[in-house]
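Asker:
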Amino acid sequence: MKNLGLYYLAIILPIVLIIGLVKYQVISSFQFTMALGIYVFVYRTFTDGYRLVLKKTIAKKDIWKLLVPGTRFEYFKVLYLK
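The C-terminal position of the sequence shown is numbered 84 in our numbering, with every residue numbered one higher than the one before it.
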């Protein structure tokens, strides 16, 4: 996912979908909380890690380190601007 536009689409589309499901009362508040947790801790960690691996900034085995609070901030420019 070296293309910045596709990366933004991949990180924004799921959250828009989750919010839309809550707005139209398709899912409950508990399900929203669970979906948001999965989005933040699983999906975003994998997506950000995959982008960093493709850009050869980190090794594939180090993706899990992005779960540590503040670690993504170290890679802010690489993730969101380049």
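Don't be surprised by glycine CBs; every beta carbon is placed ideally from N, CA and C.
Please read these numbers as outputs of a predicted model, since none were measured by experiment.
Return the CA-CA distance between Ser30 and Leu69, expressed in angstroms with no decimal places.
Answerer: 26 angstroms
Asker: Taking 8 angstroms as the threshold (C-beta atoms), are Leu81 and Arg53 in contact?
Answerer: yes
Asker: Report back the beta-carbon spacing between Phe34 and Val24 to the nearest angstrom; my notes put them in contact at under 8 angstroms.
Answerer: 5 angstroms
Asker: Hey, could you find the ends of the alpha helix (DSSP H) Ile17 is sitting in?
Answerer: Leu6 to Lys25
Asker: Give the secondary structure of Tyr52 by DSSP, where H, G and I count as helix, E and B as strand, and everything else as coil.
Answerer: Tyr52 falls in the helix class under three-state DSSP.
Asker: If you follow the alpha helix (DSSP H) that Gly39 is part of, which residue opens it and which one closes it?
Answerer: Ser31 to Ile40
Asker: Go ahead and label Gly51 buried or exposed: buried means 16 or more other beta carbons lie within 10 angstroms of its beta carbon, across all protein chains shown.
Answerer: buried
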